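> Chains as they are written, first to last, in my numbering: chain A, 6 to 170; chain B, 112 to 934.
C-beta: ideal position from N, C-alpha, C; glycine also.
Model, not experiment: these values are computed from the prediction.
Dropping a structure here in structure tokens format, bear with me for questions.
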Amino acid sequence: MGQTVPLQVSVNGEEHESEVEARLLLVHYLRDELKLTGTHVGCDTSNCGACTCLVDGESVKSCTVLAVQCAGAQITTIEGMTGDDGTLHPLQEGFWAHHGLQCGYCTPGMIMAAADLLARHTADTPVSEAEVRKGLEGNLCRCTGYQNIVKAVQAAAEAQRGVAA
Amino acid sequence: MSITEIPAGSLAVGQSLRRKEDPRLITGRATYVDDVVLPGMLYAAVVRSTEAHAYVVSIDGSSALGRPGIKGFYTGEDMSDLLAPLPMAWAPPGVEIKTPERWPLARGHVAHVGDAVAMVIGDDRYAVVDAAQQVHVEYEPLPVVVDVEEALKDEILVHESLGTNKAHEWSMGGGGDIEQALAASEVVIERRIVNHRTAGAAIECRGAIADYRAGQLTVWSSTQVPHLLRLFYAVQMGISEDKVRVIAPEVGGGFGGKLQVCAEETLVAWASRKLGVPVKWIETRSENMAVSHHGRDQVDYVRMGATRDGTITAFHANIIQDLGAYFGLLTPMIPELGAFVMTGCYKIPVVQTDITGVLTNKFFTDAIRGAGRPEMTHMLEVMMDQLAEELGIDRVELRRRNFIAPDDFPYETPYGITYDSGKYEAALDRALEIVDMDAFRAEQASLRERGVLRGIGFSTYTEICGLAPSRAVGPSGFGLGIGLYESAIVRVHPTGSVTVYTGASPHGQGHETGFAQIVADRFGVDPAVVEVVHGDTATGPMGLGTYGSRSLSIGGVAAAHAAEAIAAKCREIVAHNLEADPGDIEVRDGTFSLRGDPDQGMTLAEVAGCAYIDATKMPEGMELGLEQTLIYDPSNFVFPFGTHVCVVDVDAETGKVSVVRWVAVDDCGPAVNPMLIDGQVHGGVTHGIGQALYEQVVYDERGQLITGTFMDYALPTAEEIPNFELDRTETKSPSNSLGVKGIGEAGTIAATPAIVNAVIDALRHKGISYIDMPLTPLRVWQAMEEAAGRGDGPRDTEQGVSLPPQGEGSAGSGPTIPEGGES
Numbered sequence: 006m007g008q009t010v011p012l013q014v015s016v017n018g019e020e021h022e023s024e025v026e027a028r029l030l031l032v033h034y035l036r037d038e039l040k041l042t043g044t045h046v047g048c049d050t051s052n053c054g055a056c057t058c059l060v061d062g063e064s065v066k067s068c069t070v071l072a073v074q075c076a077g078a079q080i081t082t083i084e085g086m087t088g089d090d091g092t093l094h095p096l097q098e099g100f101w102a103h104h105g106l107q108c109g110y111c112t113p114g115m116i117m118a119a120a121d122l123l124a125r126h127t128a129d130t131p132v133s134e135a136e137v138r139k140g141l142e143g144n145l146c147r148c149t150g151y152q153n154i155v156k157a158v159q160a161a162a163e164a165q166r167g168v169a170a
Numbered sequence: 112m113s114i115t116e117i118p119a120g121s122l123a124v125g126q127s128l129r130r131k132e133d134p135r136l137i138t139g140r141a142t143y144v145d146d147v148v149l150p151g152m153l154y155a156a157v158v159r160s161t162e163a164h165a166y167v168v169s170i171d172g173s174s175a176l177g178r179p180g181i182k183g184f185y186t187g188e189d190m191s192d193l194l195a196p197l198p199m200a201w202a203p204p205g206v207e208i209k210t211p212e213r214w215p216l217a218r219g220h221v222a223h224v225g226d227a228v229a230m231v232i233g234d235d236r237y238a239v240v241d242a243a244q245q246v247h248v249e250y251e252p253l254p255v256v257v258d259v260e261e262a263l264k265d266e267i268l269v270h271e272s273l274g275t276n277k278a279h280e281w282s283m284g285g286g287g288d289i290e291q292a293l294a295a296s297e298v299v300i301e302r303r304i305v306n307h308r309t310a311g312a313a314i315e316c317r318g319a320i321a322d323y324r325a326g327q328l329t330v331w332s333s334t335q336v337p338h339l340l341r342l343f344y345a346v347q348m349g350i351s352e353d354k355v356r357v358i359a360p361e362v363g364g365g366f367g368g369k370l371q372v373c374a375e376e377t378l379v380a381w382a383s384r385k386l387g388v389p390v391k392w393i394e395t396r397s398e399n400m401a402v403s404h405h406g407r408d409q410v411d412y413v414r415m416g417a418t419r420d421g422t423i424t425a426f427h428a429n430i431i432q433d434l435g436a437y438f439g440l441l442t443p444m445i446p447e448l449g450a451f452v453m454t455g456c457y458k459i460p461v462v463q464t465d466i467t468g469v470l471t472n473k474f475f476t477d478a479i480r481g482a483g484r485p486e487m488t489h490m491l492e493v494m495m496d497q498l499a500e501e502l503g504i505d506r507v508e509l510r511r512r513n514f515i516a517p518d519d520f521p522y523e524t525p526y527g528i529t530y531d532s533g534k535y536e537a538a539l540d541r542a543l544e545i546v547d548m549d550a551f552r553a554e555q556a557s558l559r560e561r562g563v564l565r566g567i568g569f570s571t572y573t574e575i576c577g578l579a580p581s582r583a584v585g586p587s588g589f590g591l592g593i594g595l596y597e598s599a600i601v602r603v604h605p606t607g608s609v610t611v612y613t614g615a616s617p618h619g620q621g622h623e624t625g626f627a628q629i630v631a632d633r634f635g636v637d638p639a640v641v642e643v644v645h646g647d648t649a650t651g652p653m654g655l656g657t658y659g660s661r662s663l664s665i666g667g668v669a670a671a672h673a674a675e676a677i678a679a680k681c682r683e684i685v686a687h688n689l690e691a692d693p694g695d696i697e698v699r700d701g702t703f704s705l706r707g708d709p710d711q712g713m714t715l716a717e718v719a720g721c722a723y724i725d726a727t728k729m730p731e732g733m734e735l736g737l738e739q740t741l742i743y744d745p746s747n748f749v750f751p752f753g754t755h756v757c758v759v760d761v762d763a764e765t766g767k768v769s770v771v772r773w774v775a776v777d778d779c780g781p782a783v784n785p786m787l788i789d790g791q792v793h794g795g796v797t798h799g800i801g802q803a804l805y806e807q808v809v810y811d812e813r814g815q816l817i818t819g820t821f822m823d824y825a826l827p828t829a830e831e832i833p834n835f836e837l838d839r840t841e842t843k844s845p846s847n848s849l850g851v852k853g854i855g856e857a858g859t860i861a862a863t864p865a866i867v868n869a870v871i872d873a874l875r876h877k878g879i880s881y882i883d884m885p886l887t888p889l890r891v892w893q894a895m896e897e898a899a900g901r902g903d904g905p906r907d908t909e910q911g912v913s914l915p916p917q918g919e920g921s922a923g924s925g926p927t928i929p930e931g932g933e934s
């Protein structure tokens, strides 16, 4: 192991202090150090988005970010989307209800990217299909053909607006 | 939209029930291979050949071994204790195949970029990659051949010991002499059609962990075939099968790419036995693109004969299959599966398929979603459009004139394959109804006036799936010659819940839900109390895994039959307790009750109570317990069918093709879960759109892989894919008791010709009659330039299509420079 650096981050609301290699990728910090294995690695070149998580509220491909770049940040992973009582986030509910996943490998990244997308959609209007397709173009899915993912995200947006899907 | 509960009084089968798999997947709680961590586990990294063809002169691992945390360094020489090379499990019956040996680590000779030459083991994921880069390999480069038709000349040999690159040749013909039939045809058209090399590209790469201790080998692998893997571990490593356990945990997509017995699976097992600790290997995407098997890659010389009035008289395909440098598990089977449905939906009296398997300095090809059937459907459906144009007959009308009619079933093809059922015209009519052709033509004309090139393409397909009956099918005796049955154990627990163990091994398809629906109905219980267990050789019966759209029509039927056997026993137990006749007991509203008197009955839990706890309530002499093991060997394949219609816009300035509409009417028999079927069609068609427009594995003339990452290998994103307009017709298969057919590959099989035919429809008025896939902007633009007579500089011309200038010896299946991707 090369030279280590101290790192302090908050992940899913929990504070962590670690000594990490400077070159350690955020995704490996989350998976190997913190044992949060819901965040996946799919491509190593930031094309597939399976590793997407939120850093200070913005979606980030964690295979292309060093853990030490996130010092002091608030990180949210898929494990942090579910309520303490097990309540599903509207996006999780949407993906389940609309069959927005098959093998499930891209799903955590899709959900995290969609969370960012919905957070950016501040107008009190439905999120359009085109907006979702554009917003998720950085996340690859080989199973679903995307149609039900789009539906899932639109349904989650409506649920968040308090409109019955 | 799914439902969460089966409505009272309804059967579970037929309902779009929410998936039982999903709660763990949407919360990040699933366990894929890389999520498994064992005490003391080491990591493996593989040193791979940078040369496409070379002798290995020396390998020096001393620098690697000296690095901190490195525990082992091994080459092919160290692994001489393996008892067998990696397997090729199937060859065409009676055909001699020249098979190069493929070992997990090269033995002095490498034949493609990425061929494994050494393995480094260490205690840290990053450390082993660092160490692998310190391994010094000296190569003596050899001449390289990457173009399949160049390789056929045998001027450069991929394996000198074989004396030729032509590994095998075989033919199947039926209905008469093909040359006579073509000579007697009023019209014959000939085309050269290239079906280029693609990747499976599951988003989860491969991976394996082996733990050998006290004579027992346990392996977690991202595989579609855990039982086959166990079998070949026994063969290669000399460990008896009872001492080998293979677990396919959550598997992140397969698409055929994990229907393989892989070098790295052997490497980790061998290393674990050597070192006495668990060893993990996780593939990187770059490795995945280089050394997870590719698909397609054939050059087809096709001739179709017909009468002037549009009756097809003969169809011949001469297929040159690019094998790559070695054979995988099923490599030679791929074109045969396609040949089985060479006549598609049509009555074609005389057919012949000639297949030549050719070795090249690329990674090997094997089954990728559809496996042979997309290639064959592509050439057939493209040729239907080409013939229609030649004859001046409407494309849809030409298809109708040649369809096998509903009352022709069961229909025996000239190859002796018996199609089970089909109503091809009904699916076509429904698709046309959704499309509204009159409105389309008006829209096309008005758009063309505004410079928008819109086209429509059709693909009316049938395919062969449900692999596979063990015995030959049809009087001509064609078959796969191996037993691809499926197994199930159904176990009712003392409290009345149910566990189903299946030999199928899903990786996204939804077996846990669909199989639960099937079994639940046989007991009148809620699918919520039926758990489906799969992917572990220590729990389930011998099974053949998931591929070839086989799980439902073979594995699902096995589960149904096992449940029915238990249900019959339940009826006897209930009848005994009610002093009634078993024939009068029916499953209704959750109970086994007396026909006509539903108040008299017993729930499954009550029956299980008799079978496990209170034996005094069992009929005299009846065995206790409620459990059934069953192996189902189908009597025939199943043959789903349908019509896919694609509408595209071609940008006249750039050649960019956009899919603007997709209508699909598929028929896979009665639906178990319509939502899952739609999902399979969405994904299947998207895979086809990827191949037709964006995806291509490209090697340069030196055999270097150009498309080594997702930067260069362009998978379609959400932005390129349209909203699919789907419908289904339901025609039962008489071959199984559920009447079901497969649907996992149908979309991929149907898709590519619909797109190519649509693009040609958009461009035909410009004088363009055909373009090979992938229809990248560059290729389409060049075709338009050529047709307009404005092309400058010399260009190779092929079927009226201009190709980009190519370097000598460039990859035959496409340009040498990757192009066109959108990602």
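At a CB distance below 7 Å, what residues from the region 63-81 of chain A approach chain B? Give them in sequence order.
Taking 7 Å as the Cβ-Cβ cut-off against chain B, none of the residues of the region 63-81 of chain A qualify.
> Taking 8 Å as the cut-off, decide whether the C-beta atoms of Y166 (chain B) and E251 (chain B) are in contact.
Here residue 166 (chain B) is taken as the residue at index 55 of the second sequence, counted from 1. Here residue 251 (chain B) is taken as the residue at index 140 of the second sequence, counted from 1. For Y166 (chain B) and E251 (chain B), yes; Cβs fall inside 8 Å.
> Going by DSSP, name the residue or residues bridged to N429 (chain B).
Residue numbering aside, residue 429 (chain B) sits at position 318 when the second sequence is read from its first letter. B:Y412 and B:D465.
> Is the region 826-844 of chain B touching the region 762-778 of chain B, taking contact as three or more C-beta pairs under 8 Å?
Yes: the two stretches touch, three or more of their Cβ pairs being nearer than 8 Å.
> Determine the closest residue to E84 (chain A) out of A:H94, A:A76, A:T50 and A:A78, with distance taken between C-alpha atoms.
By 1-based counting over the first sequence, the position of residue 84 (chain A) is 79. Comparing Cα-Cα distances from E84 (chain A) to each of A:H94, A:A76, A:T50 and A:A78, the minimum goes to A:H94.
> Is the beta carbon of G421 (chain B) less than 8 Å from the beta carbon of R512 (chain B)?
In the second sequence, counting from the first residue as 1, residue 421 (chain B) sits at position 310. In the second sequence, counting from the first residue as 1, residue 512 (chain B) sits at position 401. Yes, the Cβ-Cβ distance between G421 (chain B) and R512 (chain B) is below 8 Å.
> Scan the region 306-327 of chain B for residues whose Cβ lies nearer than 9 Å to a Cβ of chain A and list them as they occur along the chain.
Within the region 306-327 of chain B, the qualifying residues are G311, A312, A313, I314, E315 and C316.
> When you compare only the Cα positions, how much space is there between S913 (chain B) and A899 (chain B)?
One-based indexing of the second sequence puts residue 913 (chain B) at position 802. One-based indexing of the second sequence puts residue 899 (chain B) at position 788. Reliability fails at S913 (chain B), whose pLDDT of 40 lies under 50, so the model's placement of it is uncertain and the value that follows must be treated cautiously. Taking the straight line joining both Cα atoms gives about 11 Å.
> What residues from chain B crowd round V155 (chain A), counting only those whose CB sits closer than 7 Å?
Locating residue 155 (chain A) in the first sequence gives position 150, counting from the first residue. Correct list: A829.
> Residues of chain A with CB under 8 Å from Q620 (chain B), in chain order?
Taking the first residue of the second sequence as 1, we reach residue 620 (chain B) at position 509. Ordered by position in chain A, the residues that pass the 8 Å Cβ test against Q620 (chain B) are Q107.
> Report the rounded CA-to-CA distance for M122 (chain B) versus W214 (chain B), giving the unit in angstroms.
As a first step, residue 122 (chain B) is located in the second sequence; it is residue number 11 there, counting from the start. As a first step, residue 214 (chain B) is located in the second sequence; it is residue number 103 there, counting from the start. As written in the sequence, residue 122 (chain B) is Leu, which differs from the Met given in the question. If you take the alpha carbons of L122 (chain B) and W214 (chain B), they lie about 51 Å apart.
> Relative to the C-alpha of T92 (chain A), which candidate in B:P134, B:P254 and B:Y723 has its C-alpha closest?
For this step, residue 92 (chain A) is matched to residue 87 along the first sequence. If we check each option's Cα against that of T92 (chain A), B:P134 comes out closest.
> Quick one, which of B:P617, B:S664 and B:R506 has its alpha-carbon nearest S746 (chain B)'s?
On the second sequence, residue 746 (chain B) is found 635 positions in, with the first residue counted as 1. The residue with the shortest Cα to Cα distance from S746 (chain B) is B:S664.
> Beta-carbon of L136 (chain B) versus every beta-carbon of chain A: anything under 8 Å?
The sequence position of residue 136 (chain B) within the second sequence is 25, counting from 1. Taking Cβ atoms only, chain A reaches closer than 8 Å to L136 (chain B), which makes this a yes.
> Opposite I320 (chain B) in the DSSP bridges: which residues?
By 1-based counting over the second sequence, the position of residue 320 (chain B) is 209. Looking at the DSSP assignment, I320 (chain B) forms a beta bridge with B:W331 and B:K391.
> So is E315 (chain B) buried or exposed if we call it buried at 16+ other beta carbons inside 10 Å?
Taking the second sequence and counting its residues from 1, one reaches residue 315 (chain B) at position 204. Buried: at least 16 other Cβ atoms inside 10 Å.
> Could you name the residues of chain A that A141 (chain B) contacts, counting a contact when the two beta carbons are closer than 7 Å?
As a first step, residue 141 (chain B) must be located in the second sequence, where it is residue number 30. Ordered by position in chain A, the residues that pass the 7 Å Cβ test against A141 (chain B) are G109.
> Say whether chain B places a C-beta atom closer than 8 Å to the C-beta of A124 (chain A).
Translated into positions along the first sequence, residue 124 (chain A) becomes position 119. It does not: the Cβ of A124 (chain A) has no partner Cβ on chain B nearer than 8 Å.
> What would DSSP say about C757 (chain B), mapped onto helix, strand or coil?
As a first step, residue 757 (chain B) is located in the second sequence; it is residue number 646 there, counting from the start. In the structure shown, C757 (chain B) sits in a strand (DSSP, three-state: E or B).
> Pairing CB atoms from the region 254-268 of chain B with CB atoms from the region 177-186 of chain B, are three or more of them under 8 Å?
The region 254-268 of chain B is not in contact with the region 177-186 of chain B.
> Can you give the Cα-Cα distance for Q432 (chain B) and R303 (chain B), rounded to whole angstroms?
Here residue 432 (chain B) is taken as the residue at index 321 of the second sequence, counted from 1. Here residue 303 (chain B) is taken as the residue at index 192 of the second sequence, counted from 1. In a straight line, the C-alpha of Q432 (chain B) is about 14 Å away from that of R303 (chain B).
> Along chain B, which residues have their Cβ under 8 Å away from the Cβ of Q152 (chain A)?
Residue mapping note: residue 152 (chain A) aligns to position 147 of the first sequence, counting from 1. Within 8 Å Cβ-Cβ: H793, I832, N834 and F835.
> Looking at C-alpha atoms only, which residue of B:T329, B:G594 and B:F821 is the closest neighbour of R384 (chain B)?
To locate residue 384 (chain B), count along the second sequence from 1; it is residue 273. Among B:T329, B:G594 and B:F821, the Cα nearest to that of R384 (chain B) belongs to B:T329.
> Sort out for me which residues DSSP pairs T57 (chain A) with in a bridge.
Counting from 1 along the first sequence, the entry for residue 57 (chain A) is found at position 52. Note: T57 (chain A) sits in a beta bridge opposite A:K66.
> Run through the region 436-520 of chain B for me and flag every whole alpha helix (DSSP H) of 4 or more residues, listed as ranges in chain order.
444-450, 484-502 and 506-513, all fully within the region 436-520 of chain B.
> If I measure Cβ to Cβ from R166 (chain A) and keep anything under 6 Å in the same chain, skipping five residues before and after, which residues do I get?
If you number the first sequence from 1, residue 166 (chain A) lands on position 161. Within the same chain, R166 (chain A) has no close Cβ partners at all.
> Could you give the distance in angstroms between the alpha-carbon of V640 (chain B) and the alpha-carbon of S608 (chain B)?
Position 529 of the second sequence, counted from the first residue, corresponds to residue 640 (chain B). Position 497 of the second sequence, counted from the first residue, corresponds to residue 608 (chain B). Cα-Cα distance, rounded: 5 Å.
> Given that a residue counts as buried once 16 or more other Cβ atoms are within 10 Å of its Cβ, and exposed if not, what is S173 (chain B)?
For the purposes of this step, residue 173 (chain B) is identified with residue 62 of the second sequence, where counting begins at 1. Exposed, by the Cβ-count rule.
> Which of the three DSSP states, helix, strand or coil, is assigned to K680 (chain B)?
In the second sequence, residue 680 (chain B) corresponds to position 569, counting from 1. Looking at K680 (chain B) - three-state DSSP - the assignment turns out to be helix.
> Between the C-alpha atoms of E690 (chain B) and G712 (chain B), what's the straight-line distance to the nearest angstrom?
In the second sequence, counting from the first residue as 1, residue 690 (chain B) sits at position 579. In the second sequence, counting from the first residue as 1, residue 712 (chain B) sits at position 601. Taking the straight line joining both Cα atoms gives about 11 Å.
> What does D90 (chain A) touch in chain B if you count any residue whose Cβ is under 8 Å from its own?
Reading the first sequence from its first residue, position 85 is the one you call residue 90 (chain A). Under the 8 Å cutoff, chain B gives no residues; its nearest Cβ is about 13 Å from D90 (chain A).
> Name the two residues that bound the continuous alpha helix (DSSP H) containing F634 (chain B).
As a first step, residue 634 (chain B) is located in the second sequence; it is residue number 523 there, counting from the start. Note, F634 (chain B): alpha helix (DSSP H), H622 to F634.
> Using three-state DSSP, classify K139 (chain A) as helix, strand or coil.
Locating residue 139 (chain A) in the first sequence gives position 134, where the first residue counts as 1. Reduced to three states, the DSSP call for K139 (chain A) is helix.
> Exposed or buried, which one is P211 (chain B) when buried takes at least 16 other CB atoms within 10 Å?
Taking the first residue of the second sequence as 1, we reach residue 211 (chain B) at position 100. Result: buried.
> Can you tell me which of the three DSSP states H307 (chain B) falls into?
Walking along the second sequence from the start, residue 307 (chain B) turns up at place 196. The answer is strand: DSSP assigns H307 (chain B) an E or B state.
> Whole angstroms is fine: what's the gap from L123 (chain A)'s alpha carbon to G853 (chain B)'s?
To locate residue 123 (chain A), count along the first sequence from 1; it is residue 118. To locate residue 853 (chain B), count along the second sequence from 1; it is residue 742. Each residue's alpha carbon lies about 37 Å from the other.
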